[in-house]
Amino acid sequence: MKPRHRKLALIAAVVAALGLAVVLVLNAFNSNLVFFFSPTQVANGEAPTARAFRIGGLVEEGSIKREKDGLTTRFVVTDTARTIPVIYTGILPDLFKEGKGVVAEGRLGSDGLFAASQVLAKHDENYMPPEAAHAIEQAQKAQQTVVE
Amino acid sequence: MKRWLPLVLFLVLVGFFAKGLFLNPREVPSPFIGRTAPAFTLPLVGDANASFAPADMKGKVWLLNVWAPWCVSCRREHPVLMQIARSGRVPIVGLNWKDKEREAEALLERTGSPYVAVPDDLDGRVGINYGVTGTPETYLIDRAGIVRMKHVGPISNEVWQKRFDPKLRELGL
Amino acid sequence: MIPELGHFALIVALLLALTQAILPLYGAQRGDFTLMAVARPAAQGQFVFVLLAFVCLAWSFLNNDFSVLNVAKNSFSQLPEIYRLTATWGSHEGSLLLWVLILAFWSTAVSVFSRHLPEDMAARVIGVMGLISVGFLAFLLITSNPFERLLPAAMDGNDMNPLLQDWGMIIHPPMLYMGYVGFAVAFAFAIAALLSGKMDVAWARWSRPWTTVAWAFLTLGIVLGSWWAYRELGWGGWWFWDPTENASFMPWIAGTALIHSLAVTEKRGAFKAWTVLLALTAFSLSLLGTFLVRSGVLSSVHAFATDPARGAFILGFLAVVIGGSLALYAWRAPKMVTGSGFTWFSRESLLLANNVILIAALGSVLLGTLYPLFMDAMGLGKISVGPPYFNAVFVPLMAPALFLMGIGPLARWKEASLPDIATRMKWALGVAVAVAILLPLTLDGFKPWASLGFFLAAWIALAVLVAFADRLKHGQGGLLQKLSALPRGFWGMQLAHFGIAVGVAGIAVVANYATERDVRMDVNSYAELDGYTFTFRGTTGHDGPNYRAVRGTVEVSKNGKLMATLHPEKRVYNASGMAMTEAAVRPVVFSDLYVAMGEQLDEQGAWTVRLFHKPFINWLWLGALLMVVGGFMAAADKRYRIALRRSEVPKHVAAQGA
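Residue numbers (the working numbering), protein chains in the order written: chain Y, 497 to 644; chain U, 3 to 175; chain L, 20 to 677.
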């Protein structure tokens, strides 16, 4: 092949591969990006009902209730302003505790119950997941504005 | 000019990283700055019958230092806090955060206490209301009970000179 | 005193690194052999002092010196001795010191094994590595001093993170860093070539074994990390597409592209500029990985030192090193002349396709990893990009690359014949298709992705077979004689490719046919999973050196025959009060039986328990190990050593001829 042809072939190959990659990426982004909402945003109806998203905040004290099968757990996530009831079936991470930060991924039911498919573990007792911290900070800010 | 492309792409990336660093969640300014410090009432370490509330400090400039006996960084700032306490310039209240092992009283007896009061935030609720993400954190609160600044991490002599000293001067101390 | 000695040793090492960087680079530019000669002793001296610092830190950990902040934060008097030693690199500061130590080690290795290089080339390579050492030593001393004192001393330490108390974590970081930092050698060679303007086949031959060894170490490091996550996190997963994992995977992809592109440059003199760019990219991504993990820019489950000051330092360093090298590339690359031509179907073109696909895959991983940061920086909300994205993009992209892997090694350089290869691989294609259709039937039903995986695995494995058959047709002697006469480079490549086949087969099975159940188990009750019966025999108390545990007993039987007795644990660590699940994993033939305990449910001793059956997961580890062995073997090929011996004598001639 002549250098010029080779260059053309090269460009064609690169364009084809990148094109495929771009198509795959866009397609995957469309269906697989997970957005984050705070309990206040969910309470204000900002969260989607059709797709999965993440919530974050604190597990409210005294809210963890285990059902008879031992595997289904109900608890309430709060950002200190608003709350969301959550239901989860399965084994919870070691560091899931009342009064601690939590991030859960799942879908919001029409009854306002958040069905979590995943409750995220954190690896350190004294570290708050940034998403949970963010939700609480936002809620605090909003509350202060209302009070004044 | 395609050979410059890698460099250009990289520089764009660096721009985003710089922005990302700035956005670091630990550095987000506290929403309380310029606002009233959240109220609470907690029992005191060593005397569960007595209690502390921010309202008790009305009319004084004071520091709210969130610490815990299990926190190593807090031990680092302890000598600095002792110096501040000895200087008598500003009183320090030490919010004892999530001390499940109940070690605070013994520890302060051993090392000396820089605090005028040590409210006992056993379940960490008050700390969370203040937006504490980790210990130590220190809030500077003025005579009207308004938070004037927040410092995340241990206070060193340098931090004290650079951040706290100018604010205290502003407040006439 | 010992910590101060370590601190002092680090300062000396920084001075030596400065010497190692400045004098040889200046000397090489001026053609001054006296200055160039400084490179080797300076690099070796730097290594000695960094090693001394490392030993001092290890000593402080072993002797529980809680007056050292780093020790007080990351160790504990009850911690077993082996973990006290590994806690040395369990913290941010300590792991950076390990990084610097390994960089100094690689520099010293280059200084020893570079006798055959022209003096100016060796001086430049070692000098560039010295520059990187300067950056990292300064980073340690300015922002992350591992020897910082804590006065008054703590009574006891905060303990090492329990998750890290595992022997997979003992060797994972050193191996990973051997890989990460090993790419610094390829990087230094590339910079030296750009500086000297001499970009020839000899350059590719010199840097090739270094790159291959670094790649093998990185492979080992990544697979150890994956193995650790699999056993220790208690979720049965082996890859989470977590930013920290991606941070190590991206240099690996670039490194894989680089070793293939280097092959073309060495054999055919083509792709020169591209190879140089890849060498720069592989190490840049190693640095980027360090930045992402250390700075807290991306919130990841195990990013352990979030400190903006440190992040700012690394970002600045990153900008200088990567930005500088890319600018140098843009300035010097046009000087490189293209090698001989090749046709659209040849080994070159197939390797080119491999590179293009790998880079596209790299781009998609990079995008997925950084996208949350972009969104956040633009104020468009907080999002997370999870495994579904990566699986949806990465798997379809890699499938064609894996298919081409079967053909590439069979194709001739310059011009290959498609009909010829088609004839040779016809039966392989048939067998692979048959495997893809029939194998799923013996498992739990037909699944398209599993079938694709089986097809590709069989295809690659058969191609390896064909390649060996071709080589053995010629030559004399018995089979063993012929096999041992094959060059190690050939063995290494085929072994690594075979490892990919084994790994892909393992992934295809475990990703599609693994089963899991979360169940409530009363004492002496049982649960079924994939034909195995798990019987829970209750729990007993059990105290470890630095934790208290509840240990369960689970008997697993198949068709009434006892296969294994498993002992999962729930631990609470004394110092941190942190609870941790210690899963019990037991291989049975090719499958793993995996049990993790959840929570105690009642006074009668009922627990929630998570049961897994992970078929063929072992093939994943086995495949990766084959790749590692293949890498080391290829790097040990005779021709690199012949080149070494031949060029020992006419050093100056070589310098002129190169």
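We put the beta carbon where it would ideally sit given N, CA and C, even for glycine.
Please list, in chain order, the chain U residues whose beta carbon lies closer than 7 Å to that of residue i.
i, result
"residue 579 of chain Y", "By Cβ distance, chain U contributes nothing, its closest Cβ being about 15 Å from residue 579 of chain Y, past 7 Å."
Assuming residue i contacts residue j (C-beta within less than 8 Å), just tell me the rounded distance between them.
i, j, result
"residue 720 of chain L", "residue 431 of chain L", "Nothing can be reported for residue 720 of chain L, as the shown portion of chain L is limited to 20 through 677."
"residue 94 of chain U", "residue 116 of chain U", "5 Å"
"residue 124 of chain U", "residue 101 of chain U", "7 Å"
"residue 614 of chain L", "residue 630 of chain L", "6 Å"
"residue 485 of chain L", "residue 443 of chain L", "6 Å"
"residue 118 of chain L", "residue 196 of chain L", "5 Å"
"residue 584 of chain L", "residue 574 of chain L", "5 Å"
"residue 200 of chain L", "residue 125 of chain L", "6 Å"
"residue 377 of chain L", "residue 275 of chain L", "6 Å"
"residue 68 of chain L", "residue 35 of chain L", "6 Å"
Using 8 Å as the threshold, is the C-beta distance between residue i and residue j below it?
i, j, result
"residue 281 of chain L", "residue 223 of chain L", "yes"
"residue 598 of chain L", "residue 604 of chain L", "no"
"residue 46 of chain U", "residue 120 of chain U", "yes"
"residue 603 of chain Y", "residue 539 of chain Y", "no"
"residue 68 of chain U", "residue 109 of chain U", "no"
"residue 337 of chain L", "residue 386 of chain L", "no"
"residue 555 of chain L", "residue 543 of chain L", "yes"
"residue 33 of chain L", "residue 129 of chain L", "no"
"residue 169 of chain L", "residue 29 of chain L", "no"
"residue 134 of chain L", "residue 211 of chain L", "no"
"residue 78 of chain U", "residue 348 of chain L", "no"
"residue 122 of chain L", "residue 101 of chain L", "no"
"residue 427 of chain L", "residue 370 of chain L", "yes"
"residue 255 of chain L", "residue 633 of chain L", "yes"
"residue 458 of chain Y", "residue 620 of chain L", "Chain Y is shown only over 497 to 644; residue 458 of chain Y falls outside these bounds and no answer can be derived."
Please compile the residues from chain L whose C-beta is within a distance smaller than 9 Å of the C-beta of residue i.
i, result
"residue 586 of chain Y", "537, 617, 627, 629"
"residue 165 of chain U", "Result: empty, since nearest Cβ-Cβ is about 14 Å, beyond 9 Å."
"residue 538 of chain Y", "Those within 9 Å of residue 538 of chain Y in chain L number zero; the least Cβ separation is about 14 Å."
Which term fits residue i, buried or exposed, when burial requires 16 or more other beta carbons within 10 angstroms of its beta carbon?
i, result
"residue 401 of chain L", "buried"
"residue 310 of chain L", "buried"
"residue 453 of chain L", "exposed"
"residue 544 of chain Y", "exposed"
"residue 685 of chain L", "Outside the modelled stretch of chain L, which goes from 20 to 677, sits residue 685 of chain L, for which no answer is possible."
"residue 531 of chain L", "buried"
"residue 465 of chain L", "exposed"
"residue 176 of chain L", "buried"
"residue 31 of chain U", "Confidence at residue 31 of chain U is low in this model, with a pLDDT of 48, below 50, so its placement is unreliable and no value can be given for it."
"residue 55 of chain U", "exposed"
"residue 441 of chain L", "exposed"
"residue 587 of chain Y", "buried"
"residue 70 of chain U", "buried"
"residue 590 of chain Y", "buried"
"residue 161 of chain L", "exposed"
Given that residue i touches chain Y, what residues does it touch there, using C-beta distances under 8 Å?
i, result
"residue 600 of chain L", "590"
Which chain Y residues sit within Cβ distance under 7 Å of residue i?
i, result
"residue 131 of chain L", "Simply none; closest approach about 39 Å."
Quick one: which chain U residues come within Cβ less than 8 Å of residue i?
i, result
"residue 353 of chain L", "5"
"residue 348 of chain L", "5, 8, 9"
"residue 393 of chain L", "18"
"residue 382 of chain L", "Residues of chain U passing the Cβ test: none, with the nearest at roughly 10 Å."
Under the criterion of a Cβ to heavy atom distance below 7 Å, does residue i qualify as lining the ligand MN?
i, result
"residue 13 of chain U", "Although the ligand MN was asked about, the structure shown includes no ligands whatsoever."
Strictly below 9 Å CB to CB, what residues from chain Y border residue i?
i, result
"residue 731 of chain L", "Nothing can be reported for residue 731 of chain L: it is not among the residues displayed for chain L, which extend from 20 to 677."
Taking C-beta pairs closer than 8 Å, name the residues in chain L that residue i reaches, listed in chain order.
i, result
"residue 42 of chain U", "Near residue 42 of chain U there are no residues of chain L at all, since even the closest Cβ is about 25 Å away, more than 8 Å."
Open item on the list: Tell me which residues of the segment 552-584 of chain Y have at least one Cβ-Cβ distance to chain U shorter than 8 Å, keeping chain order.
Closed with: 554, 557, 576
- [ ] Please list the residues of the segment 51-85 of chain U that have a C-beta atom closer than 9 Å to any C-beta atom in chain L, keeping them in chain order.
- [x] 72, 73, 74, 75, 77, 78, 80, 81
Open item on the list: Short of 8 Å Cβ to Cβ, which residues in the segment 141-156 of chain U face chain Y?
Closed with: none
- [ ] Please name the residues in the segment 403-429 of chain L whose beta-carbon is closer than 7 Å to at least one beta-carbon of chain Y, in chain order.
- [x] 403, 404, 405, 407, 408, 411, 412, 415, 416
Task: Against chain Y: residues of the segment 236-259 of chain L by CB proximity under 7 Å - done: none
Task: Interfacial residues, the segment 122-133 of chain U to chain Y, with Cβ spacing under 8 Å - done: 125, 126, 127, 130, 131, 133
- [ ] Pull out every residue of the segment 593-604 of chain Y whose Cβ sits closer than 7 Å to any Cβ of chain U, in chain order.
- [x] 595
Task: Residues of the segment 514-533 of chain Y with Cβ closer than 8 Å to any Cβ of chain L, in chain order - done: 514, 516, 517, 520, 521, 523, 524, 525, 527, 528, 529, 530, 531, 532
TODO: Give the residues from the segment 181-199 of chain L that approach chain Y closer than 7 Å (Cβ to any Cβ), ordered along the chain.
DONE: 182
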